[in-house]
Amino acid sequence: MSLTHSVRVRFAPSPTGPLHMGGVRTALFNYLFARKHNGTFILRIEDTDQTRYVKGAEDYIINALDWCGLEFDEGPEQGGDFGPYRQSERKSIYKKYADQLVEAGHAYYAFDTPEELDAARKEAEAKGQTFAYNAHTRLSMKNSLSLPDKEVEQLLKNNASYVIRFKMPDDAIVVEEDDMIRGKVSFRTNELDDKVLFKADGMPTYHLANVVDDHLMQISHVIRGEEWLPSLPLHVLLYRAFGWVKPTFAHLPLILKPHGKGKLSKRDGDKLGFPVFPLQWTDPDTGEVSAGYREDGYFPEAFLNMLAFLGWNPGTEQEIFTPQQLIEAFSFDRVNKAGARFDPEKAKWFNHQYLIRKSDEELVNLFIPILKDKGITPPATDELSRIIALVKERVTFVNELWDQTAFFFSAPQTYDPKVVKKRWKGEVPAFLQSLADEFDSFKDAWNAATIKEKVSQRIQEKKMNFGAVMNSLRLALVGGSFGPDLFSIIEILGREEVSKRIRQAIRILNAQTML
Numbered sequence: 181m182s183l184t185h186s187v188r189v190r191f192a193p194s195p196t197g198p199l200h201m202g203g204v205r206t207a208l209f210n211y212l213f214a215r216k217h218n219g220t221f222i223l224r225i226e227d228t229d230q231t232r233y234v235k236g237a238e239d240y241i242i243n244a245l246d247w248c249g250l251e252f253d254e255g256p257e258q259g260g261d262f263g264p265y266r267q268s269e270r271k272s273i274y275k276k277y278a279d280q281l282v283e284a285g286h287a288y289y290a291f292d293t294p295e296e297l298d299a300a301r302k303e304a305e306a307k308g309q310t311f312a313y314n315a316h317t318r319l320s321m322k323n324s325l326s327l328p329d330k331e332v333e334q335l336l337k338n339n340a341s342y343v344i345r346f347k348m349p350d351d352a353i354v355v356e357e358d359d360m361i362r363g364k365v366s367f368r369t370n371e372l373d374d375k376v377l378f379k380a381d382g383m384p385t386y387h388l389a390n391v392v393d394d395h396l397m398q399i400s401h402v403i404r405g406e407e408w409l410p411s412l413p414l415h416v417l418l419y420r421a422f423g424w425v426k427p428t429f430a431h432l433p434l435i436l437k438p439h440g441k442g443k444l445s446k447r448d449g450d451k452l453g454f455p456v457f458p459l460q461w462t463d464p465d466t467g468e469v470s471a472g473y474r475e476d477g478y479f480p481e482a483f484l485n486m487l488a489f490l491g492w493n494p495g496t497e498q499e500i501f502t503p504q505q506l507i508e509a510f511s512f513d514r515v516n517k518a519g520a521r522f523d524p525e526k527a528k529w530f531n532h533q534y535l536i537r538k539s540d541e542e543l544v545n546l547f548i549p550i551l552k553d554k555g556i557t558p559p560a561t562d563e564l565s566r567i568i569a570l571v572k573e574r575v576t577f578v579n580e581l582w583d584q585t586a587f588f589f590s591a592p593q594t595y596d597p598k599v600v601k602k603r604w605k606g607e608v609p610a611f612l613q614s615l616a617d618e619f620d621s622f623k624d625a626w627n628a629a630t631i632k633e634k635v636s637q638r639i640q641e642k643k644m645n646f647g648a649v650m651n652s653l654r655l656a657l658v659g660g661s662f663g664p665d666l667f668s669i670i671e672i673l674g675r676e677e678v679s680k681r682i683r684q685a686i687r688i689l690n691a692q693t694m695l
């Protein structure tokens, strides 16, 4: 895609609740497009609907995007030459544009009361129809098109409550637009209603504020979710009515439920046990807590990498991308029209890939707070690095490191009864006692290779079953049949600790099996 003009894109969420992962993906695609074309990435808070405003939602949005590493060039916190960047602070701007549309004949005043509108709906329902305020019904309603001019003037003079509606063309014209993802899309105006542009409370609706702000902020490309596609014809007609150059549009595919049918929702996450929000959210009214990817242990870069692949693909086999690689690879030519099915297991896979690619030193720094919370004094960094290197392929999240390594920090106090029943029998306990005695006087280098050689030699001499001994030795050292390479465990635990644990297991398990 070659661009001949400056790229300016915006992410424009409404603070009506927590930011859905679909919203983060919209922000991500805007960000990638802006960075790829050396453009400007803008945050605009669209808070014109004060009735749906949720306390704390704006801060949540900003914190979530900050966690994701999506840095804005302009916005409420960054400032910029095109502010304010909250629509509620731009309230004085919109009325003149609404009036301009009325004066040019593209909009009109509508004085219908809520009761009158409800009556019109009920009348239509009685006829088996659905009421729409449009070219077919507007002259039967109470507005500046149906009322005499003097009556309209008097209503305005008396400060009667009104809204301003867009006047859809009476004839069935076709509105066509080229979408960067969907190609040519078209709509017939006779299928559209006269949307409210300016509300009785003195605030614009989304449609008017969105178009006016995009024009004034010189937005070059509007990249938003598929759910806004039905608004496209109105927005295109508004640009025409104002005589403004319209931006280029791209409508992103929906993120679908794991089974593929329907848009992904919070309820799906609650039901299936995965987050749909980037950060944990506590509802200010109910106190209900919703899970977040950050609190569930995901790395932000893994979260973004996963989101990028919901609707886009690079056209290669590569799946792991750094943020810079995503910027370089991203193109709307490879964004799909069809909805993208969310796979929670794939999300975990991405996090695992990022975890195993992190250095052992990085993981040490992330793991130390967990150890301290468990009351464990962390060992030296080198030793902790060795432990993490043994198990990191086995975990998806940093907090799972504890489950895989707890036995390194304290001897088992209980033993898996299934493994005990299967393995702790015959000559095995006595053989382990002899190993403990040998470890006490071990003179060779204490490393995994040497220890394995010596133990294997003793097993052959005693004609023991290698698997039976190894499983029983593992049971004695870790409490079950899990864990990484056994001889690496023995090397890290050290000679004295290994002997001590073997003897403790013999004492406890022999007593149990004699009962």
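If you count by the working numbering, then the sequence shown holds residues 181 to 695, one letter each, in order. By construction, the Cβ of each residue, glycine as well, lies at the ideal position given by its N, Cα and C atoms.
- The closest CA to that of Lys271, considering only Phe530, Val332, Asp229, is found on Asp229.
- In this structure, the alpha-carbon of Gln258 lies about 7 Å from that of Phe252.
- DSSP places Pro480 in the helix class (H, G or I) of the three-state scheme.
- Residue environment: Asp393 is assigned as buried (16 or more neighbouring CB atoms within 10 Å of its CB, all protein chains considered).
- At least 9 Å separates the beta-carbon of Trp582 from that of Ile536.
- The region 550-568 and the region 395-407 do not touch, with fewer than 3 CB-CB distances between them shorter than 8 Å.
- Under the three-state reduction of DSSP output, Thr369 falls in the helix class.
- In the three-state reduction of the DSSP assignment, Ser470 falls in the strand class, which pools E and B.
- For Tyr288, the enclosing beta strand (DSSP E) covers residues 287-290.
- The beta-carbon separation of Gly255 and Ile222, rounded to 6 Å, stays under the 8 Å limit for a contact.
- Bridge pairing for Pro384: Phe378 [DSSP].
- In the DSSP assignment, Val544 forms no beta bridge with any residue.
- The alpha-carbon separation between Ala648 and Glu475 amounts to approximately 41 Å.
- Shown here, Arg362 sits in coil according to DSSP, grouped into three states, outside any helix or strand.
- Of all alpha-carbon atoms in Leu409, Phe422, Ile435, Ser445, the one lying nearest the alpha-carbon of Phe429 is that of Leu409.
- About 6 Å separates the beta carbons of Ala380 and Tyr342, which is inside the 8 Å limit, making them a contact pair.
- Sequence-distant Cβ neighbours of Asn323 in its own chain, meaning closer than 8 Å and more than five residues away, are Tyr288, Tyr289, Ala290, Phe291, Asp292, Arg345.
- Around the beta carbon of Glu671, a 10 Å sphere encloses 16 or more other beta carbons of the protein chains shown; the residue is thus reported as buried.
- Looking only at Glu508, Glu618, Thr594, the smallest Cα-Cα distance to His217 is reached by Glu508.
- Across the structure, Tyr473 and Ile225 are spaced so that their CA atoms are roughly 23 Å apart.
- Here the C-alpha atom of Ile241 lies approximately 15 Å from the C-alpha atom of Leu484.
- Spatial neighbours of Phe262 in its own chain (CB-CB distance under 8 Å, excluding positions within 5 residues in sequence) are listed in chain order as Ile222, Glu254, Leu396, Met397, Gln398.
- In the three-state reduction of the DSSP assignment, Asn314 falls in the coil class, being assigned neither a helical nor a strand state.
- The Cβ-Cβ distance between Pro349 and Leu417 falls below 9 Å.
- DSSP places Val456 outside any alpha helix (DSSP H), giving it a letter other than H or E.
- In this structure, DSSP gives Trp247 a helical state, which the three-state scheme calls helix.
- DSSP places Thr428 in the uninterrupted beta strand (DSSP E) bounded by 428-432.
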